[in-house]
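If you're matching positions, the sequence shown starts at 360 in the working numbering and goes up one per residue. All C-beta atoms, glycine included, are put in the ideal place defined by N, C-alpha and C. Single-structure report; data block below.
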Amino acid sequence: MLVIIDYGMGNLASVFNAFKKIGVLPVVSSDVSVVKKAEYLVLPGVGAFEDAIKNLRELGLDKCILEHIESGKPFLGICLGLHLLFEKSYENGQFRGLGVLKGEVVRFNVNLPVPHMGWNSVKIVKHDEMINGIKDGSYFYFDHSYYVRPSDDEVVILQSEYGVDFVVAIKKENVMGFQFHPEKSHNNGLKLLENFKNFKRYIC
Numbered sequence: 360m361l362v363i364i365d366y367g368m369g370n371l372a373s374v375f376n377a378f379k380k381i382g383v384l385p386v387v388s389s390d391v392s393v394v395k396k397a398e399y400l401v402l403p404g405v406g407a408f409e410d411a412i413k414n415l416r417e418l419g420l421d422k423c424i425l426e427h428i429e430s431g432k433p434f435l436g437i438c439l440g441l442h443l444l445f446e447k448s449y450e451n452g453q454f455r456g457l458g459v460l461k462g463e464v465v466r467f468n469v470n471l472p473v474p475h476m477g478w479n480s481v482k483i484v485k486h487d488e489m490i491n492g493i494k495d496g497s498y499f500y501f502d503h504s505y506y507v508r509p510s511d512d513e514v515v516i517l518q519s520e521y522g523v524d525f526v527v528a529i530k531k532e533n534v535m536g537f538q539f540h541p542e543k544s545h546n547n548g549l550k551l552l553e554n555f556k557n558f559k560r561y562i563c
């Protein structure tokens, strides 16, 4: 069962429909008992980091996410869902994240319009099964003002550039995350969701 976590932070329908297009019928839920049964867990999200982490903790979903990841089952964070995996964010203050990945979330400090919105190309940093079928220079859809800075370069698989080079995809064991929106990125995005669907449980 693939569960999309509903924690009040948007764009669930587009993620749901994208998985349907690749033959997966997800369950959308905020119920801890349902989330705990997931074999695949997806954390999407649009909005403020502070509200998002607060909602997860109030619903008890933060613990579910950590238990799921610790069990070795596949986990995917999209946009804000990726940000929440890190130790801290400097979005409108300083807030503690889930701490699954070491590093921080910072705002673009560039002489370009922020948010970074629209299509942009990506560069393959590290080949991984999660990006099978994706070519260097492929385009994906972005909509964000903040980006992640991992402490460990080994988790980085894709980068992009918007006045500064920044990380757009990570993979560590069974944990995957995208800064862009695969659900809005047409065939390239669907290919990544298919790769996630085909990912098997990580055995330590």
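Determine which residues share a DSSP beta bridge with residue i and list them.
i: L415; result: L415 pairs with nothing; no bridge assigned.
i: K575; result: Residue coverage of the chain in this structure runs from 360 to 563, which leaves residue 575 outside it and unanswerable.
i: K461; result: DSSP output for K461 lists no bridge partner at all.
i: P509; result: G462
i: R455; result: K447
i: H361; result: Strictly speaking, residue 361 in this sequence is Leu, with His absent from that position. Per DSSP, Y399.
i: M368; result: None; M368 has no bridge partner.
Taking residue i as part of the beta strand (DSSP E), name the residues at either end of that continuous run.
i: F501; result: 498-503
i: I490; result: Here I490 belongs to no beta strand (DSSP E), and DSSP marks it neither H nor E.
i: V469; result: No beta strand (DSSP E) contains V469, which DSSP labels as neither H nor E.
On a CA-only basis, which of the options is nearest residue i? Give me that one, please.
i: I516; options: K494, P433, G369; result: K494
i: K396; options: K432, N414, S504; result: K432
i: V526; options: F454, V465, E429, S373; result: V465
i: D524; options: F555, R560, F378, N479; result: N479
i: M535; options: G522, R560, N546; result: R560
i: K422; options: P403, S392, I437; result: S392
i: G452; options: E409, Y500, N470, K379; result: E409
i: C438; options: L551, V507, I381; result: V507
i: P472; options: V484, G492, H503; result: H503
i: K531; options: F434, K556, H475, Q518; result: F434
Worksheet item: Can at least three beta-carbon pairs, one atom from the region 456-463 and one from the region 439-447, be found at a separation below 8 angstroms?
Response: yes
Worksheet item: Along the chain, which unbroken stretches of the alpha helix (DSSP H) at least 4 residues long are found entirely within the region 518-557?
Response: 545-556
Item to complete: Could you name each continuous beta strand (DSSP E) segment of 3 residues or more that falls completely within the region 374-422, going from the start of the chain to the end?
Response: 386-388, 399-402
Discussion item. Below 8 angstroms, how does it come out for the region 414-424 and the region 363-373: are there three or more Cβ pairs, yes or no?
Written reply: yes
Fill in: Those runs of the alpha helix (DSSP H) which lie wholly inside the region 423-449 and span at least 4 residues
439-442
Worksheet item: Are at least three pairs of beta-carbons, each pair with one atom in the region 534-551 and one in the region 370-384, less than 8 angstroms apart?
Response: yes
Worksheet item: Can you find at least 3 beta carbon pairs, one from the region 463-477 and one from the region 423-432, that sit closer than 8 angstroms?
Response: no
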